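S.K.: Following this note's numbering, the numbering of the sequence shown begins with 754 at its first residue and continues without gaps. Questions regarding the structure given below will be posed in turn.
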Amino acid sequence: MTTYIQNKKATFNYEILERFEAGVSLYGHEVKAVRSGMGNLAGAYVIIRGGEVFLVGAHLTPYQAKNVPESYDPERARKLLLSRAEITKLEKQLNTAGLTIVPIKWYSNKGKIKLEIALVRGKKKADKREAIKERDAKRDLDRLRKSF
Numbered sequence: 754m755t756t757y758i759q760n761k762k763a764t765f766n767y768e769i770l771e772r773f774e775a776g777v778s779l780y781g782h783e784v785k786a787v788r789s790g791m792g793n794l795a796g797a798y799v800i801i802r803g804g805e806v807f808l809v810g811a812h813l814t815p816y817q818a819k820n821v822p823e824s825y826d827p828e829r830a831r832k833l834l835l836s837r838a839e840i841t842k843l844e845k846q847l848n849t850a851g852l853t854i855v856p857i858k859w860y861s862n863k864g865k866i867k868l869e870i871a872l873v874r875g876k877k878k879a880d881k882r883e884a885i886k887e888r889d890a891k892r893d894l895d896r897l898r899k900s901f
């Protein structure tokens, strides 16, 4: 499993409750762009409209800019491929708990490009500070271990 693009801000800004693997409907040049890491998931989110799931706000830079149709929009809404049971489960949890869905990473699974999405709840400022303190403490411990 190769990871191509990650949304590093998602794990810092949100508390991840549940993860899902989704296929994505992409054009051929978008697949090449993802495989070469030419994209950005920061600020992207997932919506459910009419029983279908879409990725909104993810930017995919064209693989070869001169070889892309003029009407191409790098931030177009891309359809996500999930089972009906997963879609209803997500829809139910979004409506009841006030949660949101964000993309975590683009990766390869058995040669297919997949998108990991997560059902998340926003962290408070104090939770973010606590995460920073834990990260700094871990870094200091690693430095001490390395010096001995």
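Quick reminder that beta carbons are idealized off the backbone N, C-alpha and C, glycines included. Note that the structure is predicted; figures quoted are calculated from it, not measured.
1) Between which residues of its own chain and Gln902 is the CB-CB distance below 6 angstroms, once the five residues before and five after are set aside?
2) Which first and last residues belong to the alpha helix (DSSP H) in which Val784 is found?
3) Helix, strand or coil for Ala838? Go by DSSP, reduced to three states.
4) Do Gly810 and Gly796 have their C-beta atoms within less than 7 angstroms of each other?
5) Can you find the residues in the same chain that come closer than 8 angstroms, C-beta to C-beta, to Gly792, ignoring five residues on each side of it along the sequence?
6) Considering only the beta carbon of each residue, do Ile801 and Glu844 sit closer than 7 angstroms?
7) Ignore the nearest five residues each way along the sequence and tell me which others in Thr755's own chain have a CB closer than 8 angstroms to its CB.
8) Return helix, strand or coil for Thr853, following the three-state DSSP convention.
9) What are the partner residues of Phe807, as DSSP defines its beta bridges?
10) How would you write the range of the beta strand (DSSP E) that Phe773 sits in, first residue to last?
11) Kindly identify the DSSP beta-bridge partner or partners of Asn760.
12) Please determine, among Leu770, Asp880, Tyr825, Thr849, the residue with the shortest C-alpha to C-alpha distance to Leu779.
M.R.: Looking at the atomic coordinates:
1) Not covered by the structure: residue 902. The range shown for the chain is 754 to 901.
2) 781 to 788
3) helix
4) yes
5) Tyr757, Ile758, Ala786, Ala811, His812, Leu813, Thr814, Trp859
6) yes
7) Tyr860, Ser861
8) strand
9) Ile800, Lys832
10) 767 to 777
11) Per DSSP, none; premise fails for Asn760.
12) Tyr825
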